[in-house]
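Going by this note's numbering, the first residue of the sequence shown is number 32, and it counts up by one from there. Structure first, then comments.
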Amino acid sequence: MSSSFTTGYSRYVSLMKIILPAAILLSVGFAIGWPYLVSVGKEALSYIDYSLPEIKENRMIRPHYLSTDEKGQAFHIDADWAKQQTNDLANLISPNGSMTTIEGQTFNLKAKAGAYDSQTKILNLEGDVILTSTDGYFVKTEKARVTFDNKVIEGDSYVEGKGPSGEIMAQDGFKVENQPQGKKVITLKGPSKVVIHKLKKTKDSNAP
């Protein structure tokens, strides 16, 4: 029995020679490393809470606005990003969008920058503003204002455009208003030029 006890005790001593130094090293390492871990944790929280520009400046990446006008006609606006100025007003970078009338026509728009007011449903566009429609019209200007409720598009900057019926140019801006049955009225401001294309005559299929 004494031999067995001696052998077991020797193994116990050998095992403790390994465990105790390891435990001491872990304790020392933990004591040294804990302040560093706490510091890293604080820095990470600080970075997330305060340093991200998206959080500091209320920015939204690729925002999407979807709504309807007073007649229930849908419109939507997208952008690369937006910065919320107030609860209703947001500044937009590279906005683009569309609005559809009851008659089925769709107006598409895009610009370098813009500002959208969700309360008044007015979109102001600035910089390489391009407006197009499904019936073939193309308008280019530097600034424009879109009032979605009454489907009015207008601006006070130089504008040029073209479409199936002709070409337009105006020094001081334009105004596009929708009329019943999908008709549009375009008002040109200041010195203007209008070129009317002649309509191509179609051959009467009943003619001899």
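Here a beta-carbon is modelled for each residue, glycine too, at the ideal position from N, C-alpha and C.
Taking 3 residues as the minimum length, the beta strand (DSSP E) runs contained wholly in the segment 146–229 are 153–164, 169–178, 183–186, 190–194, 197–201, 205–209, 215–219, 223–227, in order along the chain. Here the alpha carbon of Gln104 sits roughly 16 Å from the alpha carbon of Leu154. Scanning Lys102, Ala113, His107, Phe106 for the CA closest to the CA of Ile92 turns up Ala113. Gly167 is classed as exposed because its beta carbon has fewer than 16 other beta carbons within 10 Å across all chains shown. The beta carbons of Phe138 and Leu123 sit about 17 Å from each other, so the pair does not count as a contact at 8 Å. If the five residues before and after Ser149 are omitted, its C-beta is found closer than 6 Å to the C-beta atoms of Asp119, all from its own chain and listed in chain order. For Asn139, the beta-bridge partners assigned by DSSP are Ser129, Thr163. Apart from the 5 residues on each side of it in sequence, Lys182 sits with its Cβ closer than 6 Å to the Cβ of Asn209 in its chain, given in chain order. Here the alpha carbons of Thr172 and Ala201 stand approximately 10 Å from one another.
The residue among Lys206, Asn127, Leu140 with its C-alpha nearest the C-alpha of Asp187 is Lys206. Of the residues assessed, Gly197 falls on the exposed side of the cut-off, its CB having fewer than 16 other CB atoms within 10 angstroms. DSSP places Arg93 outside both helix and strand once states are collapsed to three, so it counts as coil.
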